[in-house]
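Just so you know, we're using numbering that gives the first Met the number 0 here: the sequence shown kicks off at 0 and counts up by one. Idealized CB from N, CA, C, for every residue including glycine.
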Amino acid sequence: MSIALPALNLKAKLILLMVVLLALTLGAEVIVSLRAEEAIILTTQRKVKDLASVIQISVQELTSVEATDRDRLQNYVTRLQTQGLEVSIASDKDLIINSSNPKLIGAAVNPEVVRTLMSFRGRSHNEPIAVPAAKLGLPGAQSTVYFIPVEVEDHLLGYVQVLANFGDFEQPLKDYQFRLVMLGLGIFALGLVFAYVLAQRYVKPIHTVAYAAQNIPAHGLEPVPESRRRDEIGLLTRSFNEMVAQLRRARER
0 MSIALPALNL
10 KAKLILLMVV
20 LLALTLGAEV
30 IVSLRAEEAI
40 ILTTQRKVKD
50 LASVIQISVQ
60 ELTSVEATDR
70 DRLQNYVTRL
80 QTQGLEVSIA
90 SDKDLIINSS
100 NPKLIGAAVN
110 PEVVRTLMSF
120 RGRSHNEPIA
130 VPAAKLGLPG
140 AQSTVYFIPV
150 EVEDHLLGYV
160 QVLANFGDFE
170 QPLKDYQFRL
180 VMLGLGIFAL
190 GLVFAYVLAQ
200 RYVKPIHTVA
210 YAAQNIPAHG
220 LEPVPESRRR
230 DEIGLLTRSF
240 NEMVAQLRRA
250 RER
């Protein structure tokens, strides 16, 4: 038993086309947004892991009683290839004894920066401090300075200062925008193809009927090929052929 689907007129087909394109656009945006969110989460996790690793290396260097490899910190930060990440280790005398930036080694910590950082301390004097770099006059509007005192049995050994940019999601956002634009263009092109095919299916039979009507004086009352379509075009060709048949019968009388 065959099931006859309802015939769709031109208006219904155009509405269906718009609904399908809208659904494809929304679906593509949701998928790309989820992918971008996943990429940002992975980037954040990687940055947190990098931060934890450099802090661990810095604390080990401050608390070690034996000689440590000064190049270990620089090599590790260089290997991370994380833009905007800078780690410095300062002694209790506010002198930088090691840093991922070799130019800072041996220099004194900026007293203005230290005073500003100390003003953000809570009740506990040994708790880590996180301050936006812009408040300290340091470059990087989205960067954050982490100031971590290192104490052993209430004895201050020094500080670990980390300059990191956790808000740098430029690459994932660029990928998101690029994919969204490409998918939008693809869906737009698909809509154009369907619209062109739909227009051809309607325009060609109309031209055939118009040509037959214009050439009645030259070719006589000739019917047009009748399609089995159940839309406006099928109705048009059947009506035209019925009109031709009636005119023929009237002429024969």
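Query                                                                                                                                                                                        : Result
Over what stretch of residues does the beta strand (DSSP E) that includes residue 96 continue unbroken?                                                                                      : 95-98
Among all the DSSP beta bridges, which residues are the ones paired with residue 158?                                                                                                        : 89, 148
Suppose the cutoff is 7 Å on Cβ atoms and the five residues either side in sequence are ignored; what does the same chain contact list for residue 23 look like?                             : 186
With DSSP run on the structure shown, which of helix, strand or coil describes residue 42?                                                                                                   : helix
Please work out which residues of its chain come closer than 8 Å, Cβ to Cβ, to residue 232, disregarding the five sequence neighbours upstream and downstream, and give them in chain order. : 200, 201, 204, 205, 226
In chain order, what residues of the same chain lie with their CB nearer than 7 Å to the CB of residue 28, ignoring the 5 residues before and after it?                                      : 179
Kindly list the residues whose CB is nearer than 7 Å to the CB of residue 71, restricted to its own chain and excluding five residues on each side of it in sequence; keep chain order.      : 56
How long is the line joining the alpha carbons of residue 251 and residue 239, rounded to whole angstroms?                                                                                   : 18 Å
Pull up the distance between the alpha-carbon of residue 13 and that of residue 243, whole angstroms please.                                                                                 : 31 Å
Can the beta-carbon of residue 192 be found less than 8 Å from the beta-carbon of residue 211?                                                                                               : no
Just to confirm the assignment, what range does the alpha helix (DSSP H) spanning residue 204 have?                                                                                          : 169-213
Just to confirm, are residue 81 and residue 46 a CB contact at a threshold of 8 Å?                                                                                                           : yes
Pick from 42, 248, 145, 17: whose alpha carbon is nearest that of residue 87?                                                                                                                : 145
Give the DSSP-derived three-state secondary structure of residue 107 in the structure shown.                                                                                                 : strand
Mind checking which residues open and close the alpha helix (DSSP H) that includes residue 243?                                                                                              : 231-251
Who are residue 30's beta bridge partners in DSSP?                                                                                                                                           : Paired residue(s): none; residue 30 is not in a bridge.
Who pairs with residue 127 in a beta bridge, going by DSSP?                                                                                                                                  : The partner list for residue 127 (beta bridge, DSSP) is empty, contrary to what the question assumes.
When DSSP labels each residue in this structure, what does residue 81 get in the three-state scheme?                                                                                         : coil
Just checking my contact of residue 62 with residue 151 at CB under 8 Å: how many whole Å lie between their CB atoms?                                                                        : 6 Å
Going by alpha carbons, who is nearest to residue 75 out of 249, 157, 98, 91?                                                                                                                : 98
Identify which residue in 84, 8, 19, 7 has its Cα closest to the Cα of residue 189.                                                                                                          : 19
Tell whether a beta-carbon distance below 8 Å holds between residue 148 and residue 42.                                                                                                      : no
Below 7 Å CB to CB, which residues in the same chain sit around residue 182 once its five sequence neighbours on both sides are set aside?                                                   : 27, 31
From this set, 110, 40, 89, which residue's C-alpha is nearest residue 255's C-alpha?                                                                                                        : Since the first and last residues shown for the chain are 0 and 252, residue 255 lies out of range.
Alpha carbon to alpha carbon, how far is residue 169 from residue 142?                                                                                                                       : 14 Å
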